[in-house]
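I have placed the structure first, in the form of structure tokens, so that the comments after it can refer back to it.
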Amino acid sequence: MTLSLKHWWPNHLRGRLTALVLVTLLPMLIAQATVFTYWYRTRKSAELQANVEIAQAFGSFCQRYFTDLANTEGTLGEVLLELEPERALALLQSRSSDYPSVYSFSWVDPEGTILLSSRPGAKGISVADRRYFQEILQGKDWTVSDLIQTKVGGDDRLVLARGIRSNDRRLRGVVLGEVVPEQLGETLATPRGGGGLLALFDGKGLVVSLVRGPQVPSSALAFKNRDAMAIQAIESGQQITGIDQLPGEDVDRLAARVLIRDLGWVAGASRPLAEVMAPVRENLLYTSLAVLVVTAISFLAARFVAKSIIDSVAVVRRGAVNLAAGNKARVSIPEITELADLAVTFNHMAEQLTLHASSLEKTADELRRSNQELEAFSYSVSHDLRAPLRAIDGFANALLEDHSDQLGSEGQRYLSIIRDNTDRMGQLIDDLLSYSRLGRKRPSFEEIDMEALARAAAEDLEAAREADSSILRVCSMPAATGDRTLIRQALSNLLSNAFKFSSTKERPEVEIGGRQEADENVYWVRDNGVGFDMAYQHKLFAMFQRLHSMKEFPGTGVGLAIVNRVMHKHGGRVWAEGAVNQGATFYFALPRRQP
Amino acid sequence: MTNEVEILLVEDNPNDVELALRALKKNNLANRVFIVKDGAEALDFIFGRGAHQNRRVENVPRVILLDLKLPKVDGIEVLRAIRSDERTKYIPVVVLTSSSEDRDIVETYKLGVNSYIVKPVNFEKFIDVVRELGYYWLLLNHRPAV
Chain S
1372 MTLSLKHWWP NHLRGRLTAL VLVTLLPMLI AQATVFTYWY RTRKSAELQA NVEIAQAFGS
1432 FCQRYFTDLA NTEGTLGEVL LELEPERALA LLQSRSSDYP SVYSFSWVDP EGTILLSSRP
1492 GAKGISVADR RYFQEILQGK DWTVSDLIQT KVGGDDRLVL ARGIRSNDRR LRGVVLGEVV
1552 PEQLGETLAT PRGGGGLLAL FDGKGLVVSL VRGPQVPSSA LAFKNRDAMA IQAIESGQQI
1612 TGIDQLPGED VDRLAARVLI RDLGWVAGAS RPLAEVMAPV RENLLYTSLA VLVVTAISFL
1672 AARFVAKSII DSVAVVRRGA VNLAAGNKAR VSIPEITELA DLAVTFNHMA EQLTLHASSL
1732 EKTADELRRS NQELEAFSYS VSHDLRAPLR AIDGFANALL EDHSDQLGSE GQRYLSIIRD
1792 NTDRMGQLID DLLSYSRLGR KRPSFEEIDM EALARAAAED LEAAREADSS ILRVCSMPAA
1852 TGDRTLIRQA LSNLLSNAFK FSSTKERPEV EIGGRQEADE NVYWVRDNGV GFDMAYQHKL
1912 FAMFQRLHSM KEFPGTGVGL AIVNRVMHKH GGRVWAEGAV NQGATFYFAL PRRQP
Chain V
1469 MTNEVEILLV EDNPNDVELA LRALKKNNLA NRVFIVKDGA EALDFIFGRG AHQNRRVENV
1529 PRVILLDLKL PKVDGIEVLR AIRSDERTKY IPVVVLTSSS EDRDIVETYK LGVNSYIVKP
1589 VNFEKFIDVV RELGYYWLLL NHRPAV
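Going line by line, the protein sequences match chains S and V.
Converting from the first sequence to the numbering used here requires adding 1371 to each position, the first position being numbered 1.
Converting from the second sequence to the numbering used here requires adding 1468 to each position, the first position being numbered 1.
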């Protein structure tokens, strides 16, 4: 999880702020979605329940209407039995005009023949084949027919048949009420608003009556249409709720179908889903817009904040670049406190750096000057100190050659001492010069085969009769990185010393070798010569320091100082181990990578 | 031919001059040595100007022994002048100096010096050096005709 977060978490500031906005917005969006889903569901189930209740109300009105009508017909029948035919007909006609939704009343004898009717031309027609009549014959008090067509006129009508019986339950006649279905709705129900719809279905699931809301198109569901949901309710004997579509409307509706038990009919109510959800949708739209605006503002704010930070950082960064390029770099102070702190600190640092740089430059200038002076000095040493020496030696020699008889043997010896010392002085000047020249030389680094270099140095020494390379043992040595000339000089000095200080031994031995270590290569030159007292080892590598007299071993005391200087120039180091008369080992270490 | 200068020694230090002459003498080379004490006089001599205006430039010395550190005009300038003149550019010039500075050696070789010799402090060694260079430049060496 942390890994994937790391993977997705952007590295730049702008990305991070954007991600932060997203992270904050996401739970808000999820909460919104949950709220709206919940709202949608409760709204839907509430509307379905409302439809059930409306349908139930419609159904119960309907049932009461027919019960009332049945009672009226019962009373009518009792009266008709007592009346003359003319007066009875007049009564039927007047009653039917009292009931606006009843087109006609008829009086039928127990055999099913219409004896009297307020509908003209119906007299003498037999209704014995009608199902309602048969239901009455079978003993029902009253019944309502499904939608049927009248035998006279062929109108779609509902017929309420009421059996009139004597006290012994013998059928004496049947009163028929011819109900106009189109007017039932107006009579029984209050129209619903919007797309709301109320409907009444007969026992076959045909639409008997429709009460449309103002927004229901007249083409949607027509009189006598067969309704699948109503049939489903009749067949299952239960109320049905759900999404339904009316023929000719193509709109999802939340619908309910409720059985009217006594009639075997179904009452229905529905409302378009879109209409129900309009407030939810509207709210969702406004909320989404608000979220969108909040998001946009957040992103803009994030960008703005990021930009202000990035700009401030960029100012400091430019300052740093300027500073690195060696220019004067002062940055303007940004508004954000922390960055302002940074800028102030940066300016302070830049000031300090400038100060340091100028003092460094001053020091460098001084160094350069003193270096130049030193160079001039050594040049003049080289030239001017040697000239008088040459004169001393030359004329001492002339004296010896031209006037030796006047000098006597003691005088000649003195002159020889003078000449020895001029020689030595010349040697000292030469060594001093090579030491100072070394100081000025900038080492150039290259890969060096140390074994080969050691052999070459030894051969040179042998050629100069300072060594006998036959007593030298060269062990394996790791290659070094360094300045070939300087390293060769160092090797030469160390080998020369080793040969020199072991020359008094019966069997002098000199060994050179090296080993590789973690960060450096360590090399050594070992001899079995006179060695030295470890108490004086700190003097070994100092200029003009000698542990032996000139008589024992000639030398100027510069060789090891040169070795020391060479190693310093390479970032390396030198040290020595030894004991009096037990030989000495001189070590030097070179870094494995150039410094 | 008899008056021709064989060796021109350019040296300001009289002690060095004397020792050089002594060394040349020891090697029997000191017959026709002409000595000048600074760079300006050296140029006058070589190019037949000033005090030496009667000298013919074409009578070039067999070899010039040149110190570098000289009054007025230093040795490097003298060498440069010799090498940039058609008449004198083939004269063998041997720098004989106390300086073993790298930059002097490099500079003189760039200008086409024939030898660069550091005067040894030890006089016997100096005699050896003078002998060798005298034999080489005066006896063994052949140069193009001017």
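Positions of the beta carbon are idealized from the N, C-alpha and C atoms, including for glycine.
Bear in mind the structure is a predicted one, so any value in this text is a computation, not a measurement.
Handout entry: Three CB pairs or more closer than 8 Å across the stretch 1938-1955 of chain S and the stretch 1887-1903 of chain S
Key = Judged by pairs of C-beta atoms under 8 Å, the stretch 1938-1955 of chain S touches the stretch 1887-1903 of chain S, as three or more such pairs exist.
Exercise for the section: Consider the Cβ of Thr1875(S): report whether some Cβ of chain V lies at a distance smaller than 8 Å. Expected result: no
Handout entry: Supposed contact pair Gly1543(V) and Val1478(V) - C-beta distance, whole angstroms, cut 8 Å
Key = Between Val1478(V) and Gly1543(V) a beta carbon distance of about 7 Å is seen, short of the 8 Å cut, so the two are scored as contacting.
Handout entry: Inter-stretch contact at 8 Å, needing at least 3 Cβ pairs: the stretch 1932-1946 of chain S / the stretch 1873-1889 of chain S
Key = no
Exercise for the section: Kindly say whether Pro1758(S), judged by its beta-carbon, lies nearer than 8 Å to any beta-carbon of chain V. Expected result: One detail in the question is off: residue 1758(S) reads as Ala in this sequence, not Pro. Yes, contact with chain V.
Problem - Buried or exposed by the 16-neighbour rule on C-beta atoms within 10 Å, applied to Gly1564(S) - result: exposed
Exercise for the section: Any chance you could list the beta strand (DSSP E) runs of at least 3 consecutive residues sitting entirely within the stretch 1805-1886 of chain S, in chain order? Expected result: 1817-1819, 1843-1845 and 1851-1853
Exercise for the section: Return helix, strand or coil for Ala1626(S), following the three-state DSSP convention. Expected result: strand
Exercise for the section: Would you list the residues sitting across from Leu1568(S) in a DSSP beta bridge? Expected result: Arg1583(S) and Ser1641(S)
Exercise for the section: Please go through the stretch 1432-1470 of chain S and give each complete alpha helix (DSSP H) segment of 4 or more residues, from N-terminal end onward. Expected result: 1456-1469
Exercise for the section: State the Cα-Cα distance for the pair Ala1599(S) and Ser1416(S), rounded to the nearest angstrom. Expected result: 21 Å
Problem - Unbroken beta strand (DSSP E) run spanning Ala1955(S), endpoints - result: Ala1955 to Pro1962
Handout entry: Check whether Lys1322(S) and Leu1571(S) have beta carbons under 8 Å apart
Key = Here chain S has residues from 1372 to 1966 only, and residue 1322(S) is not among them.
Practice task
Give a yes or no on whether 8 Å exceeds the smallest Cβ distance from Asp1484(V) to chain S.
Solution key: yes
Problem - Own chain residues within Cβ distance below 6 Å of Met1372(S), not counting five before or after - result: Here Met1372(S) scores only 46 on pLDDT, less than 50, and its place in the model should not be relied on; the value that follows carries that caveat. Here the set comprises nothing.
Practice task
Determine, using beta carbons only, whether Thr1793(S) comes closer than 8 Å to chain V.
Solution key: Yes, its Cβ sits closer than 8 Å to a Cβ of chain V.
Problem - Under the three-state DSSP convention, the category Tyr1785(S) falls into - result: helix
Exercise for the section: Thinking Ile1704(S) and Ala1691(S) are a contact (beta carbons under 8 Å), I'd like their distance in whole angstroms, please. Expected result: That belief does not hold up - the Cβ atoms of Ile1704(S) and Ala1691(S) are roughly 15 Å apart, past 8 Å.
Exercise for the section: Using three-state DSSP, classify Glu1600(V) as helix, strand or coil. Expected result: Helix, per DSSP.
Problem - Status (buried if at least 16 other CB within 10 Å, exposed otherwise) for Tyr1503(S) - result: buried
Practice task
Show which residues of chain S have a CB atom less than 8 Å away from the CB atom of Arg1490(V).
Solution key: Gly1765 and Ala1769
Exercise for the section: Name the two residues that bound the continuous alpha helix (DSSP H) containing Gln1505(S). Expected result: Segment Arg1502 to Leu1508, the alpha helix (DSSP H) holding Gln1505(S).
Exercise for the section: Give me the Cα-Cα distance between Tyr1436(S) and Gly1556(S), rounded to the nearest whole angstrom. Expected result: 11 Å
Exercise for the section: Less than 8 Å between the CB atoms is what I'm expecting for Gly1566(S) and Arg1642(S), so what's the real figure, rounded? Expected result: 6 Å
Handout entry: In DSSP terms, what Asp1484(V) is bridged to
Key = BP columns for Asp1484(V) are empty, so no partner.
Exercise for the section: For Ile1800(S), collect the residues of the same chain with a Cβ closer than 8 Å to its Cβ; drop the 5 residues on either side in sequence, then sort them by chain order. Expected result: Its chain contains Val1752, Ser1753, Leu1756, Arg1757 and Leu1760 as the residues whose beta carbon lies nearer than 8 Å to that of Ile1800(S), once the 5 sequence neighbours on both sides are disregarded; these appear in chain order.
Handout entry: Closer than 8 Å to chain V by CB, Ala1762(S)
Key = yes
Exercise for the section: Anything in the stretch 1585-1614 of chain V with a Cβ closer than 8 Å to a Cβ of chain S? List those residues in chain order, please. Expected result: Lys1587, Pro1588, Val1589, Asn1590, Phe1591, Glu1592 and Phe1594
Practice task
Assess, as a yes-or-no matter, whether the stretch 1626-1642 of chain S is touched by the stretch 1604-1615 of chain S under the definition of 3 or more beta carbon pairs within less than 8 Å.
Solution key: Yes, the stretch 1604-1615 of chain S touches the stretch 1626-1642 of chain S.
Problem - Run of the beta strand (DSSP E) containing Leu1533(V), from where it starts to where it stops - result: Boundaries of the beta strand (DSSP E) harbouring Leu1533(V): Val1531 to Leu1534, taken from the DSSP string.
Practice task
Would you list the residues sitting across from Ser1416(S) in a DSSP beta bridge?
Solution key: Answer is none; Ser1416(S) lacks a bridge partner.
Problem - Residue from Val1581(V), Phe1591(V), Val1531(V) and Asp1535(V) with nearest C-alpha to Leu1608(V) - result: Val1531(V)
Problem - Check whether Leu1531(S) and Glu1444(S) have beta carbons under 8 Å apart - result: yes
Problem - Other residues of its chain near Leu1625(S): CB distance less than 7 Å, five sequence neighbours each side excluded - result: Lys1415, Glu1418, Leu1419, Asn1422, Ile1614, Ser1641, Arg1642, Leu1644 and Val1647
Exercise for the section: Just confirm the distance between the C-beta atoms of Gly1507(V) and Leu1538(V), as a whole number of angstroms; I'd bet it's less than 8 Å. Expected result: Rounded, the Cβ-Cβ distance is 4 Å, consistent with contact.
Handout entry: Minimum C-alpha distance to Leu1803(S) - residue among Ala1728(S), Met1848(S), Gly1930(S) and Thr1793(S)
Key = Ranking Ala1728(S), Met1848(S), Gly1930(S) and Thr1793(S) by Cα distance to Leu1803(S) puts Gly1930(S) first.
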